[in-house]
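According to the numbering used here, the sequence shown is numbered sequentially starting from -9. Every residue gets a Cβ at the ideal spot worked out from N, C-alpha and C, and that includes glycine. The structure under discussion appears below in the form of C-alpha cells.
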Amino acid sequence: MTTSTHSTNKTITHILGYPRVGDKRELKFAQEQYWKGQINQAQLKQVGSDLRQRHWNDQSTSGLSYVAAGDFAWYDHVLSTSLLLGHVPARHSNGGFPDLDTLFKVARGQSASEGDSCGCGSVHGSDHAGDNNGAAAGDMTKWFNTNYHYIVPEFSQEDSFQVSWPQLFEEVNQAIQAGHKVKPVLLGPLSYLYLGKEINAEEVDNGFDRLSLLPRLLSAYQAILSKLKSLGVEWVQIDEPILSLELEDKWSNAFKLAYQILQSDVKILLTTYFDSVEDNLAKIVELNVDGLHIDLSASPQQLEAVNAAIPQDWVLSVGVINGRNVWRADLQTWLEKLQPVKAQRGDKLWVASSCSLLHSPIDLELETDLSEEVKSWFAFAKQKLNEVSLLGAALDGNGHAIEACATYSQPIKDRLTATHVNKPQVQQRLKGLTKALTQRSASYPERAQHQAQVLGLPLLPTTTIGSFPQTADIRQQRSAFRRGQLNADDYQQALKGHIQDAVKRQEALDLDVLVHGEAERNDMVEYFAENLAGFQVTQFGWVQSYGSRCVKPAIVVADIEREKSITVDWSVYAQSLTSKQMKGMLTGPVTILCWTFPREDITRKQIADQLAFALRDEVEDLQRAGINIIQIDEPAIREGLPLKKRDHKAYLDWAVDAFKISASSAKPETQIHTHMCYSEFNEIIDSVAALDADVITIETSRSNMALLKAFEEFNYPNEIGPGVYDIHSPNIPSQQWIVSLLKTAATKIPIERLWVNPDCGLKTRNWTETEASLKNMVAAAKTLRQLYQVTDTVKAEELETELS
C-alpha cells in the first residue's frame, strides 16, 4: 500500500459525511412526490444533484481540505452499498442492473397491484412477504446505537457481487468536475457483511456463514477502488465501524486477509466511530492501510494508546467534532490536547468530525427563535464544518485561529458554572436519591390484589397503547395554533372535541381500559420536552431517520424539572366522560433521553434521574386526580444499550432505576403499565422484569407470539399484553386470527395475567382501519373469556369447535 506524502505541514481537515435531506427537507418532499407520481425521476435526481452541489460548496467554503462524496443516499447508505455491489434480493431483481426504482422497492416493499412500477408500499420487514405475490421490503434496523436506520442486507450461499450501480462514481465525478478535492466514502466489506443476515435457515443449518462470502465481495471492492483511482481519487474513506465492537475472533481475524487483498493505488483511510477501537487495536495496526480514523468524541481516552500503536507513516485522523450532537465544541481544550500529537506526527495528523454529520441538524442560522445565549451553545452540521477548519488552522500555529478557538469556546465553559443551567434545587434533590426511592411500597402480588379490587377488570382486559389517529383536522388545528391563527381557547376546545370523539368510539367498541387519544401531542418525546423546564426545541432541527422520515429531537440544555403538571388536566377531562377506567399516558425517562440531544457536561445517568423525578411527580398528581392506571412508555430502553457488552450492566442498572423512580410514587392500587416496541428481549429479560411494572405491553404479532418465549423461559412474574395485531400494516386482523394468537399466548403465560391490545400506538392509522381492527380484537377477547370461564365440559367443547 502506498504511503501518504504532503509537501507542507498543513493539517488536513475533513468530515466523514454530511446530511442529505437539505436544510428545508427538500429531499424528503421530492422523494414523497416521486412515490406519489407527482414528479418524474429526472426531477427527483435534479433535487439530489442540487443538494450535493450545495453541500460540497459548504464544505469547500469552510476551508476543509476534502469534500465527502458518496455519502449521499436516496434511502440509507447501507442500501446504496447493496445496489453498488449488485446485491439485490431476488424478489426485487429486474433481471438487469439495479436502478433507483429497484432501491425504493427494496426499501419500501411492493404490492402485487404495483407490478413493475416504481410505486412502493410502506411496509417494512420480510414478515409481510408474499401477500398476493407482492414483494416485501427488506428488514430495517437501527444503525448501531443511533436513531438512524438501515435496510439489512440479505445473504445466501449463492450470492455474487458485481459493481452494478454507478451512483458513487457519478457523484465523485460530479464533485471533481465542480472543482472540489474529493474523498469518497465507502462502507467497508466486513462491516457490510456483519450488518446483514443469512436468510435461508436450511443453508445456516448446513453450515453457511455469510462471512464465507468475503472473497467474492472483495473482488467487487477491488473493482470499486480501481474505478475510483481512474477518476483521479487519491484517498478513499472506508468505514469499518464494527471495529468499535467486541468482535468474535472469526470477524476480527478476517480483517487482515481482507485488507491484504484490497491492493490499490488509492490510499485507504480506515474509519471507525461510535466507541473505542482499543479492543481491536493489535489487529488494526497489522492492516495494509494508510491511515486510521478514531472517534475521540465518543471515546477520548483512546487517543494515547492509538497514537502510540499505529505506524508513524500512517495518517491519524482524530474525530473531535461530535457528529452526533448539537453542542459547540470546546476547541481550546482540543487544541491543547492535540498540540503534542501534532508536534509528533506533523502532517500525518488529520482533524475531522467524529462520524458522519448526518446525525446532526443542518444549519443553526435558520433558528430565529433561539436566544443569543442558547444559540452560542450550539453548532449544527454547517457550523461544525467551520469548527473542523478552525481547529486545523490553530494546530498549524495560525495566531488568529488560536485566539478564535479560545473566544469560540468561552460560552461552553461559562455554562459549567451557570446556575440557570446547573440548578441548585434539582441537584439537591438528586443528592437525596436513595435505593428506597426506586421501590414501590408493596410487592407485585400484594399490588395485584389491590388492583383487582379497585379496577374490577375482566379476564383478558382490552386496551390500546395510547394514541389514536392524528387526523388531518388535528394536524391542521395544531399548525394553525402554532402560527397564531387559532387562539388558545379555541384550540383547547378543539382538542376536547377530539378527546370526546375518541372516548365515545372506545365506549362503542366496549374496550375495558380507555385512553384519551393524545390529540394534544405532536410527538411522544417532543411533547414532554416542550412541557419540562430544561429543554430547548428547534424550528428546523430535522435529522434523517431513514428514507424520507425525519425527526426533530429536542435538546437538553439545563437541569430538568417539572414546573407544573403536564398530562393531568387532559386525563381528568377524559375520565369525566366515562365510567370506565382511563389510562394516563407518560413517556419514560430513558426514552426521552435516548430520543433527544443530551447534554455533554453531565452523564446520561444524571439526565435520566432528573427526568425520573419529574415523571414521579406527574405520576403522583395523576393518581391524586383519580387516574388509577398509568402507562410509562419505554420503547427505547434496549436501543440505549452501549455498543460493548461489558458496559451493558452498568447502563441497565441505572436505566431500570430511572424507570422505577418514575413509578415509585404509585400506590399499591395504582396500576403501572409500560410499553416496549419491536425489541429482542432475550438479552435484557432480567432488566425488563426488574422494572417491576404491573403490566408490560410488547410487540408479538409479527412473530406469531414467538417473542413470548423469552418471558416464558424466564417465568416473567407480572402481567403481559402481547400485541395481537401489527399497527404498521393497513391489514385488518380477523377475529379468528387474534383468537389463535391469544390461544398461543395462553400456552406460554397464564391466562389470568394476559392483556389484549394492539402492538403499538394507533397514531398513524385512520379511524376506519382502527375501529375495524379493535372491533375484532374486543370480540376475540370476549369469545375467549367464555371459553376459559365456562365450567360445563360439553359447552367448552362446543365453544372450542366453534373457535376452530
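- Contact check between the region 435 to 442 and the region 490 to 503: fewer than three CB pairs, one atom from each, fall below 8 Å, which does not count as touching.
- In terms of Cα proximity to THR581, the closest of ALA736, VAL279, THR136 is THR136.
- Your pair LEU583 and GLN621 does not check out as a contact, with CB atoms roughly 18 Å apart and the cut at 8 Å.
- Annotation: the continuous alpha helix (DSSP H) that includes LEU385 extends over 371 to 385.
- The DSSP assignment places complete beta strand (DSSP E) segments of no fewer than 3 residues inside the region 263 to 307 at 281 to 285, in order along the chain.
- Between the C-alpha atoms of VAL11 and GLN534 there is a straight-line separation of about 7 Å.
- Counting every other CB atom within 10 Å of its CB across the protein chains shown gives ASP749 a total of 16 or more, marking it as buried.
- For the pair PHE151 and ARG206, the CB atoms are nearer than the 9 Å cut-off.
- Residue pairing by DSSP puts PHE368 in a beta bridge opposite TRP317.
- Secondary structure at LYS35: helix, using DSSP grouped into helix, strand and coil.
- In this structure, ASP353 places its C-beta atom within 9 Å of the C-beta atom of ASP13.
- GLN400 sits exposed, since fewer than 16 C-beta atoms from the chains shown fall within 10 Å of its C-beta.
- The three-state secondary structure of VAL256, taken from DSSP, is coil.
- In the three-state DSSP reduction, ALA125 falls in the strand class (E or B).
- Taking 3 residues as the minimum length, the beta strand (DSSP E) runs contained wholly in the region 664 to 709 are 685 to 689, in order along the chain.
- In the DSSP assignment, ALA59 is bridged to PRO174.
- Annotated three-state conformation of ASP199 is coil, per DSSP.
- Rounded to the nearest angstrom, the gap between the Cα atoms of ILE674 and PHE62 is 35 Å.
- As the crow flies, the alpha-carbon of GLU363 is around 11 Å from that of ASP404.
- Judged by DSSP in its simplified three-state form, THR528 adopts coil rather than helix or strand.
- The alpha-carbon separation between PHE518 and THR1 amounts to approximately 44 Å.
- If the five residues before and after ILE686 are omitted, its C-beta is found closer than 6 Å to the C-beta atoms of THR664, ILE710, all from its own chain and listed in chain order.
- Looking at the backbone, the Cα of GLN31 and that of LEU380 are separated by about 39 Å.
- Its Cα nearest to that of TRP560, the residue HIS488 stands out among PHE368, PHE587, HIS488.
- In this structure, the straight-line span from the alpha carbon of ARG775 to that of PHE671 is close to 28 Å.
- Listed as beta-bridge partners of VAL541 by DSSP are VAL533.
- A residue is called buried when at least 16 other Cβ atoms come within 10 angstroms of its Cβ; ALA298 does not meet this threshold and is exposed.
- TYR715 sits in coil when the DSSP states are folded into three classes, being neither helix nor strand.
- Beta-bridge annotation (DSSP): GLN227 is paired with VAL175, LEU259.
- Only residues of its own chain outside the window of five on either side were considered, and among them GLU161, VAL162, ALA165, VAL172, PRO174 have a CB closer than 6 Å to the CB of ALA59, listed in chain order.
- Sixteen is the threshold: since fewer than 16 other Cβ atoms of the shown chains lie within 10 Å of the Cβ of ASN477, the residue is exposed.
- When the five nearest sequence neighbours on each side are left out, the beta carbons in the same chain lying within less than 7 Å of the beta carbon of ILE662 are those of ILE620, ILE622, ALA653, ALA656, ALA683, ASP684, in order along the chain.
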